[in-house]
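Undergrad: Once you've had a glance at the structure underneath, I'll fire off some questions.
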Amino acid sequence: MPSAAKPASAPRSRAKPLTRGRVAASAPQRAKLRTKNEAEAAGTAKPASPAAAPPVELPEPFAGWFANRGWTPRAHQLALLEAARDRRSSLLIAPTGAGKTLAGFLPSLIDLAAKGGRRGNRAPGLHTLYISPLKALAEDVARNLTQPIAEMSLPIRTETRTGDTSIARKARQRRAPPHILMTTPEQLALLLSHPDSDALFAGLDTVILDEIHALAATKRGDLLSLDLARLRAINPDLRTVGLSATVARPTELRAFLVGQKSPQSHIELADLIHVGGGAEPHIEILELDETVPTVGHTSLYAIEEIYKAIEAHRLSLLFVNTRRQAELLFQDLWRNNEKSLPIGLHHGSLDAEQRRRVEAAMASGALRAVVATSTLDLGIDWGDVDLVIHVGAPKGASRFAQRIGRANHRFDEASKAVLVPSNRFEVLECRAAVEAAKAGAQDVTFTRPGALDVLAQHILGVACTGPFNANDLYAEVISASPYAGLSRATFDRVLGFVADGGYALKNYERFAKLKPTPDGLWRLTHPRFAQAYRMNAGTIVAEPLIKVRLIGKRSASRSTLMGGRVMGEVDEYFIEQLRPGEAFVLAGEVLRFEGMGENEAYVTRATARSPIIPAYNSGKFPLSTHLAERVRVMLADENAWSRLPTSVEDWLRLQQQRSAIPGRDELLIETFQRRNLHYLVTYPFEGRLAHQTLGMLLTRRLDRIGASPLGFVANDYGMALWTLGDLSALVADGKLSLEELFDQDMLGDDLDAWLAESNLMKRTFRHVALISGLVERRHPGREKSGRQIAVSTNLIYDVLRRHDPHHVLLEATWSDAATGLLDIARLGDFLRQIEGRIQHQPLDRVSPLSVPILLEIGREAVAGFAREELLREAAGLYASEQE
Amino acid sequence: MLELKPERLAFDDYQDQEISICGKLFRADMSGALYWPAENALIVADLHLEKGSSYARRGQLLPPYDTRETLNKLAAAIDRYDAATVIALGDSLHDIDAATRIGIEDLEILQIMQEDREWIWVTGNHDPHITERLGGHVVGDIVVEGITLRHEPHAGHMTHEIAGHLHPAAKISMHGYTLRRPCFVGNGRRLVLPAFGSYAGGLNILAEPFAPLFGLEGMQAWMLGQEGLYPVASRLLRED
């Protein structure tokens, strides 16, 4: 479509020198749903008033179709049409239920209908790509789109392409593509790796990226950004539409959607179309007279109230933070299920088939409640949910907002949510979450640079399409916003890694995968590398998972264990801890571990009274910075305590008497003796990851000064460590300075030394090695599971670190660990803040506030510490047995 | 947890441990090498030299430093005991072409180690032939003082034998902690050495191939740590 004169009612942003793009906000504008950042961005443009609708209208048959259903096009739907007409990319932020998906597709449907009609036959070629983070969502959206297409008899063909699509169908899709293809980032990368991808995508008009907030700032998002850059290189006129239900990070998402210019004088941004929230959510915190437990992550104390709430609603979604909590809650509910209400369970460890059954039952209204983890977070419309119960604290404002949004997909009705804190700290955190939700606050995550292992994978993918020029590819890569800051030198190192390993001291030139041609292009040396690439593409590296198979009691007693039904999958780490005969809970059943088969765990139905509950590693979220700050404020404000449940208020008063309440800008450190050990407990409220890192570093330092630390434990609120040395005495005698102990220089050498040996780095390296293609998950002709990677990445890590410590893959590993696993930036900020503000309380006994943290001891093994000690202890046991 | 500090234990030097096989005394080293004081010989198994380049040939460009790493570790062990004889118990090379891929510098390190020292390559399934380029004597197996040194352990209840091939590893669980390390495994009558190569993996000693060799009674494992070699009680052992 030719670009028309700019309408006066939708002014282009000019005020902000460093950004380009515009903000068209549709009615009703609600400041309450904005972050500070975004309010700034929005302030650069005059919002369109509801009366002055943009001068685009729905053409027929669309206008008639809307009218027949009694709909009028919403302002944001028209705003997207206008953006499409002007060939502008846009980010649409709208709550669930606002017709977001249809708004995204309307311009494509109208364009395709017009083209098809004009030529009297169907428009040829692929016109629109729809990318979703979940294959289930792609399929759901495809189903929903068939209705308008069928009812208006539009000459448009839509198809999905996911990991489940048959090979025959995938092949046909490349020969005769549909007009609209619904797919995932991984499938797009694969499509782009074929030599004929230029032809396939040459006519591509629009890319719609759904739930884009779930992808950006992850490795999947990095890969997607590079693929978008590829698509823009094939067709510079490409238009993108991002859809997001949460308003966090709008600027980052807008930059993600468009190509960045080089040199970067300003950030290019897509237009922002922002729909205000529907009705204000109705949120309650379930606070009983019952004593809130001091510790734990279960809500057994409130189970009756939860059950009553389920009874009073059509369909309740019960969210928890971990799979372990999901299993626990599910069991507790069924134990109390006097009326035998149909209650289901949905989490990532369950068998896919089982999850699908639960989803179908939700959609058909056959269930009254579903206990779920983050697997149900994203916008799939599975049923008429009218209540969200969040059990345990939600850990982040954005996550909470998203989950509340699951209740009620009807835009104008209020979402209804109940929060159930499961311990005393969580009472404070739930309060903070409710305040945040009322204020419409969102957590702000900061942009991280694009991952280098993903870039390595992408470069090989590009090479699979044919020879490439390194200068051109570099220019293309830095047009993707996550890679905008990538230096040419780093790019060349990654290219060197892909070509021949890029090793500093020795090279593999004769085994190189890429070699330069005489005319300066990089070319794949053998087609089998393309085949290997296609088998290994993607950035989702699963932690090694073990299938859990139910077997009959009889076959369990025989020496060969015969397989029956698969119950689901659990982390390998978990299974490793089990001994035959021990019980655990999965899929709502108590299972007895019988033994390992080849890559499978065999279980029988157990009768044990008190099951061991799986401590799944996945699904633990650290407390967001934003909520942590609110909790800190709440603690410091004594006047607000009276509004807390009595048991919580008493707890705080007791803490005040015996020790002190952590001040808003102070760090409280308590030291005391218990039995023959000496404890140090501190309350930074910076989240579990940052506290773990702090614990590791403090124990190293205390070991050096001879305080003999033995271990530490961390949760979201604080950290406790214990020593043989008397810490209170060491401080009193001036032998230990807490200021020096907590000095930020611990993030230097101590951190490096600890990380070099830590298991965490090895695990991170494994991911980097897999994503970058250093080791292959699957090799042509030989399928490999996570357990069978031929050379252990731990061994490779050790060798590489010793001989080539500056290798680009080690750099990538470090940067992953620093951001995702250690929260080093957050710990650094914190240590800076508390400099000179340490408040030390030497106590003669355990403080009330420290009890929940101390009770975590024994629940979680201390990672990466004292491996050698363990071996020595084993040897000691051996020695004593020999005597 | 872990309150047993080394100073409280009966012995604090873990660098090597004494092992007896049919009355002969050996010292098992934390590197995975076995020293025979009476013969002044150092025995190692499964070096798998050039395993990295073997993968590179097929498109997985693993860091090419594994041969150097293995040779350096071997040189340190030879120096520690000042052994006059070195016996490599087979699978010294990862594949039959590996010798042609060893770099010049690595070859020099090997030659320096072989100066003034008797060097015996026992062949293995990965390296049925060993070229003259690598120096030393090449044998199928060798009997020293009544003890047979061979690559693959003989089936069944055998005595007087030291072998490699199986890459033994032990896994223990304590305090909810799991640790898996290469190990020596024996029963006083025969012994299997851990793989010495830096890219060589490990097979759990509770897995299939081990039981017929040792029986379950009397099987003893010594695990390799960062700072020492540690005998472990067999009741601590876990399956994978």
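For the protein sequence lines, the chains are A and B, in the order given. So the first sequence is numbered by our numbering: it starts at 1 and just counts up by one. So the second sequence is numbered by our numbering: it starts at 1001 and just counts up by one. Note that the Cβ used here is the ideal one computed from N, Cα and C, for glycine as well. Given the structure is predicted, the values throughout are model-derived calculations rather than measurements.
(1) Distance, Cα to Cα, A:Met719 vs A:Glu435?
(2) Is the separation between the beta-carbon of A:Asn337 and that of A:Ile303 shorter than 7 Å?
(3) Would a check of beta-carbon distances place A:Ser772 closer than 7 Å to chain B?
(4) Note down, in chain order, every chain B residue with its Cβ under 9 Å from the Cβ of A:Glu776.
(5) Can you grab the Cα-Cα spacing for the pair A:Arg74 / A:Leu272, in whole Å?
(6) Beta carbon of B:Ala1075, beta carbon of B:Ala1033: below 7 Å?
(7) Who are the near neighbours of A:Asp210 in its chain, counting only those whose CB is closer than 6 Å to its CB and skipping five residues on each side?
(8) Tell me whether the beta-carbon of A:Tyr878 lies closer than 7 Å to the beta-carbon of B:Ala1233.
(9) At which residue ranges does the region 232-270 of chain A contain complete alpha helix (DSSP H) runs of 4 or more residues, listed in the order of the chain?
(10) Could you give the distance in angstroms between the alpha-carbon of A:Arg763 and the alpha-carbon of A:Gln77?
(11) Assuming B:Thr1159 is part of the beta strand (DSSP E), what are its boundary residues?
(12) By a C-beta neighbour count over all protein chains shown, 10 Å radius and 16 as the cutoff for buried, is A:Asn321 buried or exposed?
(13) Here's the rule: buried if 16 or more other CB atoms are within 10 angstroms of the residue's CB, otherwise exposed. What is A:Gln325?
(14) Do A:Asp823 and A:Leu689 have their C-beta atoms within less than 7 Å of each other?
(15) Return helix, strand or coil for A:Thr165, following the three-state DSSP convention.
(16) According to DSSP, is A:Gln897 part of a helix, a strand, or is it coil?
(17) If we call anything under 7 Å between Cβ atoms a contact, is A:Ala417 one with A:Ile283?
(18) Among residues of its own chain, excluding the 5 on either side of A:Ala504, which ones have a beta-carbon nearer than 8 Å to its beta-carbon?
(19) Check this for me: beta carbons of B:Ala1056 and A:Tyr797, under 7 Å apart or not?
(20) Am I right that A:Leu927 and A:Ile838 are in contact with their C-beta atoms under 8 Å? What's the rounded C-beta distance?
(21) Quick check on the burial criterion: 16 or more other C-beta atoms within 10 angstroms. Buried or exposed for B:Gly1156?
(22) Where A:Arg523 and A:Pro195 are concerned, what is the direct C-alpha to C-alpha distance, given to the nearest angstrom?
(23) Are any of the Cβ atoms in chain B nearer than 7 Å to that of A:Ser265?
(24) Can you tell me whether A:Gly552 is buried or exposed, with buried defined as 16 or more other CB within 10 angstroms of its CB?
(25) Find the nearest neighbour of A:Arg230 within the set A:Thr490, A:Ala480, A:Tyr301, judged by alpha-carbon distance.
(26) I want to verify the contact list: residues of chain B whose CB lies under 8 Å from the CB of A:Phe511, in sequence order.
(27) Quick one: does A:Ala532 have its CB under 7 Å from some CB of chain B?
(28) Just the Cα atoms here: how many angstroms apart are A:Phe66 and A:Leu81?
(29) Quick check on A:Pro342: does DSSP put it in helix, strand or coil?
(30) So is B:Pro1168 buried or exposed if we call it buried at 16+ other beta carbons inside 10 Å?
(31) Using a C-beta to C-beta distance shorter than 9 Å, which residues of chain B count as neighbours of A:Ser89?
(32) Does B:Ser1198 come within less than 7 Å of chain A when only Cβ atoms are used?
(33) As a quick exercise: from A:Gly711, A:His840, A:Ile404, pick the residue whose alpha carbon is nearest that of A:Ala732.
(34) At which residues does the alpha helix (DSSP H) containing B:Arg1027 begin and terminate?
(35) Rounded to the nearest angstrom, what separates B:Tyr1014 and A:Arg528 at their Cα positions?
(36) In whole angstroms, what is the alpha-carbon distance linking B:Leu1162 and B:Asp1141?
TA: Judging by the given coordinates:
(1) 26 Å
(2) no
(3) no
(4) Gly1059, Gln1060
(5) 16 Å
(6) no
(7) Ser132, Leu243
(8) Against a cut-off of 7 Å, the Cβ pair of B:Ala1233 and A:Tyr878 comes out as a contact.
(9) 250-256
(10) 45 Å
(11) Counting along the chain, no beta strand (DSSP E) covers B:Thr1159, and no H or E run does either.
(12) buried
(13) Buried: at least 16 other Cβ atoms inside 10 Å.
(14) yes
(15) coil
(16) Residue 897 of chain A cannot be examined here, being either before or after the span of chain A that is shown, 1 to 883.
(17) Yes; because the gap between Cβ atoms is below 7 Å, this pair is in contact.
(18) Asp804, His806, His807
(19) no
(20) Any property of residue 927 of chain A remains undetermined from this structure, which presents chain A solely from 1 to 883.
(21) exposed
(22) 13 Å
(23) Nearest CB-CB separation between A:Ser265 and chain B: not below the 7 Å threshold.
(24) It counts as exposed.
(25) A:Ala480
(26) Ser1053, Ala1056, Arg1057, Gly1059, Leu1061
(27) At least one C-beta of chain B is nearer than 7 Å to the C-beta of A:Ala532.
(28) 15 Å
(29) coil
(30) buried
(31) Going along chain B, no residue has its Cβ under 9 Å from A:Ser89, so there is no contact; the nearest lies around 38 Å.
(32) yes
(33) Out of A:Gly711, A:His840, A:Ile404, A:His840 has the C-alpha closest to the C-alpha of A:Ala732.
(34) Looking at the DSSP string, B:Arg1027 is not in any alpha helix (DSSP H); the run it does join, the beta strand (DSSP E), is 1024-1029.
(35) Roughly 48 Å between the two C-alpha positions.
(36) Per the sequence shown, residue 1162 of chain B should be read as Ile rather than Leu. Distance between the alpha carbons of B:Ile1162 and B:Asp1141: 10 Å.
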